[in-house]
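Student: Those protein sequences? They're chains A and B, same order as listed. Quick note: the first sequence uses our numbering, first residue 1, plus one each step. Quick note: the second sequence uses our numbering, first residue 413, plus one each step.
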Amino acid sequence: MKKVDVVVIGAGPAGTVAASYLKKQGYDVTILEKEKFPRFQIGESLLPCCMEHLEEAGLLEAVKARNFQKKTGAAFMRGEKRCEFFFSEQFTDGWAWTWQVKRADFDSTLAEATRAKGVEVNFECEVLSVTCSATVQTLEYKSADGNIHNIEARFIIDSSGYGRVLPRLFDLSKPSSFTPRGAIFSHLEDINRTEEASNNIFVHSFDNNRSWIWAIPFSDGLTSVGIVGDKEKIIELAENDGEQYKTFIREFEDLNGRFKNSELKFEPRHILGYSIGVKKMFGEGFVLSGNSTEFLDPIFSSGVTFATASGLLSAKMTQKHLQGEIVNWQKDYEEVVQGGINVFRSYVSGWYTGDFQTIVFAKEIDMEIKNQICSVLAGYVWDQSNPFVKKHDTILPTLAKVIKMKESRGAE
Amino acid sequence: MQTSPGKEYDFVIIGSGLGGLACANILASEGFSVVVLEKNHQIGGHLQVYSRDKSIYDTGVHYVGSLNEGENLFQFFRYFGILDKLKIKKMDEDRFDVIRFDDGCEYNYAQGFDNFKSTLLTYFPEEEAAIETYCAKILEICNKFPLYNLKVSGEDYQMDGDVTGINAHDYIASLTENIRLRNVLAGSNLLYAGVKEKTPFYVHALIMKSYLSGAYKFIDGGSQIAIQMSRTIRQHGGKIFKHKKVVSAHYNDAGEITDVVLENGETVKGKQFISNVHPSVTIDIFGHERFLNVYKNRIQSLENSISTFLVHVSFHENTFEYLNYNIYQHHNDDVWSGIDYEQESWPQTYFICTPYISRTGKYADSMSIMTYMNAEETAQWSSSFKTVAEPGKREADYEQFKIEKEARVIKRLEEVFPGISEKIKMVHSATPLTFRDYIGNRDGSLYGVMKNSNSPARTQINTKTRIPNLHLTGQNISLHGILGVTVSAFITCFSFVDKDKLVQKVKNA
Chain A
1 MKKVDVVVIG AGPAGTVAAS YLKKQGYDVT ILEKEKFPRF QIGESLLPCC MEHLEEAGLL
61 EAVKARNFQK KTGAAFMRGE KRCEFFFSEQ FTDGWAWTWQ VKRADFDSTL AEATRAKGVE
121 VNFECEVLSV TCSATVQTLE YKSADGNIHN IEARFIIDSS GYGRVLPRLF DLSKPSSFTP
181 RGAIFSHLED INRTEEASNN IFVHSFDNNR SWIWAIPFSD GLTSVGIVGD KEKIIELAEN
241 DGEQYKTFIR EFEDLNGRFK NSELKFEPRH ILGYSIGVKK MFGEGFVLSG NSTEFLDPIF
301 SSGVTFATAS GLLSAKMTQK HLQGEIVNWQ KDYEEVVQGG INVFRSYVSG WYTGDFQTIV
361 FAKEIDMEIK NQICSVLAGY VWDQSNPFVK KHDTILPTLA KVIKMKESRG AE
Chain B
413 MQTSPGKEYD FVIIGSGLGG LACANILASE GFSVVVLEKN HQIGGHLQVY SRDKSIYDTG
473 VHYVGSLNEG ENLFQFFRYF GILDKLKIKK MDEDRFDVIR FDDGCEYNYA QGFDNFKSTL
533 LTYFPEEEAA IETYCAKILE ICNKFPLYNL KVSGEDYQMD GDVTGINAHD YIASLTENIR
593 LRNVLAGSNL LYAGVKEKTP FYVHALIMKS YLSGAYKFID GGSQIAIQMS RTIRQHGGKI
653 FKHKKVVSAH YNDAGEITDV VLENGETVKG KQFISNVHPS VTIDIFGHER FLNVYKNRIQ
713 SLENSISTFL VHVSFHENTF EYLNYNIYQH HNDDVWSGID YEQESWPQTY FICTPYISRT
773 GKYADSMSIM TYMNAEETAQ WSSSFKTVAE PGKREADYEQ FKIEKEARVI KRLEEVFPGI
833 SEKIKMVHSA TPLTFRDYIG NRDGSLYGVM KNSNSPARTQ INTKTRIPNL HLTGQNISLH
893 GILGVTVSAF ITCFSFVDKD KLVQKVKNA
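1) Answer with buried or exposed for A:His204, where buried requires no fewer than 16 other C-beta atoms within 10 angstroms of its C-beta.
2) Could you name the residues of the region 89 to 102 of chain A whose beta carbon sits closer than 7 Å to any beta carbon of chain B, in the order they occur along the chain?
3) Taking the alpha-carbon positions, what's the A:Glu44 to A:Leu54 distance?
4) Leaving out five residues before and five after B:Tyr560 in sequence, what residues of the same chain have Cβ atoms less than 7 Å from its Cβ?
5) Would you list the one or two residues that DSSP bridges to A:Asp105?
6) Return the CA-CA distance between A:Ile272 and A:Lys231, expressed in angstroms with no decimal places.
7) Count the other C-beta atoms from every protein chain shown that fall within 10 angstroms of the C-beta of B:Arg464, then say buried if there are 16 or more, exposed otherwise.
8) Does the Cβ of B:Leu845 have 16 or more other Cβ atoms within 10 Å, making it buried, or fewer, making it exposed?
9) DSSP state of B:Tyr634, grouped into three classes?
10) Give me the Cα-Cα distance between A:Arg210 and A:Tyr347, rounded to the nearest whole angstrom.
11) On the DSSP bridge assignment, give the partners of B:Ile697 in chain order.
12) Does DSSP put B:Gln487 in a helix, in a strand, or in coil?
13) If you drop the 5 nearest sequence neighbours on each side, which residues of the same chain put their C-beta closer than 6 Å to that of B:Gly831?
14) For A:Thr135, which of helix, strand or coil comes out of DSSP?
15) In angstroms, rounded to a whole number, what distance separates the CA positions of B:Asp509 and B:Cys765?
16) Distance, Cα to Cα, A:Ala11 vs A:Thr318?
17) Does the region 435 to 443 of chain B come close enough to the region 417 to 426 of chain B that 3 or more CB-CB pairs lie under 8 Å?
18) Nearest-angstrom Cα distance between B:Trp748 and B:Phe908?
19) Could you compute how far the alpha carbon of B:Ile924 sits from the alpha carbon of B:Ala434?
20) Please report whether the beta-carbon of A:Met77 lies at a distance below 9 Å from any beta-carbon of chain B.
21) Ordered along the chain, which non-local residues of its own chain (more than five positions away) have a Cβ less than 7 Å from that of B:Pro691?
22) From B:Ala776, B:Gly633 and B:Cys905, pick the residue whose C-alpha is nearest to that of B:His728; which is it?
23) Taking only beta-carbon atoms, is A:Ile369 less than 9 Å away from chain B?
24) Our contact map puts A:Phe91 next to A:Asn261 with C-beta atoms below 8 Å; I'd like the distance itself, whole angstroms only.
25) Which stretch, first to last residue, makes up the alpha helix (DSSP H) that contains A:Pro13?
26) Within 10 Å of its beta-carbon, does A:Pro175 have 16 or more other beta-carbons around it, so buried, or fewer, so exposed?
27) Should B:Arg878 go down as buried or exposed, given a rule of 16 or more other Cβ atoms within 10 Å for buried?
28) Is there at least one Cβ from chain B nearer than 9 Å to A:Lys233's Cβ?
29) Assuming A:Glu239 is part of the alpha helix (DSSP H), what are its boundary residues?
30) Can you tell me whether B:Arg507 is buried or exposed, with buried defined as 16 or more other CB within 10 angstroms of its CB?
31) When you compare each of B:Lys499, B:Val680, B:Ile697 and B:Ser890 to A:Asp366 by their alpha carbons, which one comes out closest?
32) What does DSSP give as the partner residue(s) for A:Pro217 in the beta ladder?
33) For A:Pro175, list the residues DSSP reports as bridge partners.
34) Assign A:Arg409 to buried or exposed, taking buried as 16 or more other Cβ atoms, counted over all protein chains shown, within 10 Å of its Cβ.
35) Using only CA atoms, which one of B:Leu587, B:Thr670, B:Asp526 and B:Phe489 lies nearest to B:Tyr546?
36) Roughly how many whole angstroms lie between the Cα atoms of B:Lys556 and B:Val915?
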């Protein structure tokens, strides 16, 4: 049976970051990826914080060479209101830009770069069963030709994302407390792209903060356009090949006809009830990283950044483990990852209650507050010196209340 | 009133011209929290550069003085922590400036007082007494400005004694009957937009002394001062934000500013506020009702120095050799008359320099020609506004105006450098409107409020205002120019930092 140091399940951002990092430290790493790359994926807008992870994993240069669309900020809109964040103006000392990517290209780039480092990347390999123990882990998987193989590893990192390999096999999934929502999306021609709209993701909030549209421009002139809303609404929009979706994005007032006559590059696709959690993120012989831990909501584009952050941290912890150190997985891994997720959870909740919008669309906003929020939106959710990280659970409702009071007083 | 959790800075500085940056540098290194708000896409005010077709052009700073070891600006820059990082090139020792006249006669300014004197004596051997007296007077006057000598003495840092009433033209005329010598001594008066009846001699003296004490060019552009200053400010924990145009302010019941409001609705809280914006515009921003009428009337009636028409030409590769000196060309018999020009004979006076670009070395990449222009000439287009940060459009006839004026300048240039037109690849220019929009004053004035030897006190602007926590800095306080503005920043900061200790730090730097 083939023996390696580490098997990584999944060749997405979390898996490739983890694998590249460990390879750099001299470990023998194999990736088992169920799909054949390139493959479509959503989560197209990155956050600046993930640049650090890509850099540390040695993957940044390979991505740079692809000249993806640079992203320097994010704009939020609601009717006439508009609030634009620029990552160059953030509280935390960090990256001022990142990319917007077609994930098919981005993920392939990462996988190829990881392979170039000497990691064995096996596509179309579906993990069927896993046996874990303190020292030896065995995996059974089916390769593209239908043959069954076994591989033995000292440790497993599960970066299988929506595939949720170990959470399914070990029954680790936990339902999310969020309202079930869905998203429907396609890639469109964007000939009416305005100069100011050319770079960054645009988010339009509507339907009393319950729904929103993303517009994520790519470097090839196409733009990803998606609608997020309650499950029922998305099902409705998706009926008859997304007929209502198409009408909506062509007619929606706040888009000012940007996609009026745009051609769709593929029929709209949709996903439903994507929010999910886990009971625990590690166990004897394995750790979960990326979306196989918890996925909240696409609103703040946090998916890839969590993938790379947890991928990198899981790799670092794995290295310690392989060196024979006792790793406190609970404190040094799960609580760290969960801490970041919890910050974003507060912002996702704040988005759907409208507190976030109350703050960013206020007539006046303290620049320093805006810069602190900007750092959260840039993915720097582990910077405890930022009050909008440290007090994430209370600060949005409190501040929104103050603003509402002030503005109603001003209106009198 | 519930307070929102946003940060309150110790100092909010409006404008990132050298004055704002210097204040930020001083205060941040003293441990205060500082934020600089700049409306443009580029920091630096008059230190801004722009590029066209791969060439870099300075807009305000073409050369700088007082950079010999131990001289005042050398010490100031060392204190700021930027001296070692600046890429500078010393200009020719024996001619850093050339005063050139219509008859083709050229007079070199040499660096260092002794060298300067002996060079002048070769042109005017019979004028030794006048030249000696002139140099001695410059030193005497400059000695009365303690900060320029890194000294702290007396209460009034801006002006000392009766020196401010001496008129530059009159004083120089009193030294000699030799008209040419008078013209040569005042030949670089474009440096301060000299006006015969008004410019005080101390302005002339401070600037002359500065250049005689070490004249240098900035390699690859003067914006490096702003860039290096911003790095040091950030190292000290200070923040600088671009695209932040301050439009108004909020006040508490005591009449103190609590926060400033930006054009995009953001607000910035602070304990103290320093405006590096022209005083008139500062009044507009902070609210006319907050200032006494008498102050407002004085400030707003102060005459600004003239604006400029700045032509930049780029050369075909390796066609025009780099000049390690500047030329002040005068086409008329009186160097003080070029500022009060007639349309037909414009431009009569202009400054020529070739920036030193490391890439092209021995050959000049470009040339800047700077001449006077009244803001009235571009007034008809004054309702338009255009910067990179705020793109706009001006009319085609404005472009036509520029092209015509450029042609006039190039025609003049041919008289100085016959055949130069062949070597020119591209021409572009900046007008009073360009300066207005990028600098944020009302008329594109080059050097701000015009100093006047007839009523020196009237043109003096205090760093303190009637608003208890609003202070002023910049070229209108002490003097314009790199040195003048740096000195002004120190004067502004004396309100917050012990001046003796601060000056000592500069000396020990």
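Even glycine gets a Cβ: it sits at the ideal position worked out from N, Cα and C.
Tutor: So, from the listed chains and residues:
1) Label assigned to A:His204: buried.
2) Glu89
3) Going by C-alpha positions, A:Glu44 is about 16 Å away from A:Leu54.
4) Asn484, Cys554, Leu618 and Val899
5) Paired residue(s): none; A:Asp105 is not in a bridge.
6) Sequence check: residue 272 of chain A is Leu here, not Ile. Distance between the alpha carbons of A:Leu272 and A:Lys231: 6 Å.
7) exposed
8) buried
9) Correcting the residue type first, residue 634 of chain B is Gly in the shown sequence and not Tyr. Note: B:Gly634 maps to coil in three-state DSSP.
10) 14 Å
11) Answer is none; B:Ile697 lacks a bridge partner.
12) helix
13) none
14) coil
15) 10 Å
16) 17 Å
17) Pairwise C-beta distances place the region 417 to 426 of chain B in contact with the region 435 to 443 of chain B, as three or more of them are shorter than 8 Å.
18) 41 Å
19) Not covered by the structure: residue 924 of chain B. The range shown for chain B is 413 to 921.
20) With 9 Å as the cut-off, A:Met77 does not count as an interface residue toward chain B.
21) These residues qualify, in order along the chain: Ile711, Ile873, Leu884 and Asn888.
22) Out of B:Ala776, B:Gly633 and B:Cys905, the CA that lies nearest to the CA of B:His728 is found in B:Ala776.
23) yes
24) Contact flag wrong, Cβ pair sits at about 41 Å.
25) Pro13 to Lys24
26) exposed
27) exposed
28) no
29) Here the alpha helix (DSSP H) through A:Glu239 covers Lys231 to Glu251.
30) buried
31) B:Val680
32) A:Thr223
33) A:Ile276
34) exposed
35) B:Leu587
36) 16 Å
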